[in-house]
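This report refers to the structure that appears directly beneath it.
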Amino acid sequence: MELFYSRDISACCCSLDEEESRHCVKVLRHVQGDVIHIVDGFGSVYECRISNPCPKAVEYEILSRTEDYGSHPYYLHMAVCPPKNIDRFEWFAEKATEIAIDELTPLFGDYSERKVFKKERCERILISAAKQSHKGAIPVLNEACSVKDFLQQTFGDETDKYICYCDETESINVPKLSIVDSLKSSACNNYVIMIGPEGDFSREEIAVAVSNGWHPISLGESRLRIETAALTAVAAVYLNHIS
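Count along the sequence shown from 1, add 834, and you get the number used in this note's numbering.
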């Protein structure tokens, strides 16, 4: 089933934007009377019938709505420092969306090589990945911020906060648990996971995180690239919740 996307879908706004309309009519060759399925990016999918197959603005009537389409039983917020090669971060964003995440925040750490992040392209990747993997909700992409600013944010008591880093645990006298053990022992279904830059988090960033209640976790013995580490964490949370 091919999915289309319209964030503004409602009883009073029943048309696709130009990009989606062109794909619907010119590529997939849909005509008047065809039934199509549209996600709103907030978790619902709509069954619709095309009333006017205009290549610039396909008009349709809504037949039915299904909520929580392609949903998962947890909330995962990934906060990741983009590597110097932004393609690697975009690859992670795509694959993480296909697996299941809810929120993504790009971070700039003390040792980050990249200090600029362009949001628009990544948003398009998230939309495409959500449609491809049949998810009604598109992950929220936040504005990029510094690690220190992110650590000042507050999360609810029902949220587990994890930080992954390569620094030796002895430097802050806090033991690391494996992500598998941490997830198994958790009573929460809400998670925030931080992944650092190529140069790792600074000692100061780690110390501030731990003092603010973040739990150091290990992803295993292998030394992983940023995007590999981040996707490993996403997959661990997903596998912990599937039956």
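For glycine and all other residues, C-beta sits at the position ideal for the given N, C-alpha and C. None of the values given here were measured: they were computed from a predicted structure.
Rounded separation between residue i and residue j - CA only
i	j	result
Glu854	Ala891	8 Å
Ile870	Leu975	27 Å
Asp868	Arg883	6 Å
Ala1043	Phe876	31 Å
Asp1034	Val865	53 Å
Ser1020	Glu992	10 Å
Phe1092	Met1028	For the chain, the structure presents residues 835 to 1077; residue 1092 sits outside this window and is missing.
Glu893	Cys858	11 Å
Leu941	Arg922	14 Å
Glu924	Cys848	31 Å
Thr1066	Lys1018	16 Å
Val873	Pro889	19 Å
Phe984	Val1071	21 Å
Cys1022	Tyr996	12 Å
Ala927	Gly1030	15 Å
Glu1038	Gln986	14 Å
Asp851	Arg1057	44 Å
Thr988	Thr939	14 Å
Cys998	Ser980	16 Å
Met912	Asp994	12 Å
Glu895	Asp1015	49 Å
Ser885	Arg841	19 Å
Residue nearest to residue i in terms of C-alpha spacing, selected from the options
i	options	result
Val1026	Val914, Ala964 and Asp921	Val914
Lys982	Ala1041, Ile1013 and Ala927	Ala1041
Cys963	Ser1045, Glu947, Ile935 and His911	Position check: residue 963 holds Ala in this sequence, whereas Cys was assumed. Nearest option by C-alpha distance: Ile935.
His954	Ala978, His1075 and Tyr999	The residue asked about is misnamed: residue 954 is Glu in this sequence, not His. Out of Ala978, His1075 and Tyr999, Ala978 has the C-alpha closest to the C-alpha of Glu954.
Lys860	Pro887, Tyr880 and Asp842	Pro887
Cys1000	Asp994, Asp902, Glu924 and Glu1055	Glu1055
Thr918	Lys965, Glu1061 and Tyr996	The amino acid at residue 918 is misidentified as Thr; the sequence shows Lys. Measuring from the Cα of Lys918, the nearest candidate turns out to be Glu1061.
Ser1036	Asp944, Leu862 and Phe989	Asp944
Leu862	Met835, Glu881, Asp842 and Ser885	Met835
Tyr839	Ser967, Phe926, Val1014 and Tyr996	Ser967
His906	Arg841, Ser946, Asn1024 and Gly1030	Asn1024
Glu789	Ser946, Leu837, Arg1059 and Arg856	Here the chain has residues from 835 to 1077 only, and residue 789 is not among them.
Pro916	Cys956, Glu895 and Ile896	Cys956
Beta-carbon gap between residue i and residue j smaller than 8 Å
i	j	result
Pro973	Glu937	yes
Leu910	Val1068	yes
Ala778	Leu1053	For the chain, the structure presents residues 835 to 1077; residue 778 sits outside this window and is missing.
Tyr908	His1075	yes
Gly970	Ser844	no
Arg899	Ile920	no
Bridge partners - residue i, DSSP secondary structure assignment
i	result
His911	Glu937 and Val1026
Asn976	In DSSP, Asn976 forms no bridge with anything.
Asn1074	In DSSP, Asn1074 forms no bridge with anything.
Ser849	Glu893
Val873	Tyr839 and Val879
Across the stretch 944 to 964 and the stretch 915 to 932, are there enough close Cβ pairs to call them in contact, namely three or more that are closer than 8 Å?
As far as the Cβ criterion goes, the stretch 944 to 964 touches the stretch 915 to 932, which means the pair count is three or higher.
Is the stretch 1045 to 1063 in contact with the stretch 1007 to 1022, if contact means three or more CB pairs nearer than 8 Å?
Verdict: yes, contact present.
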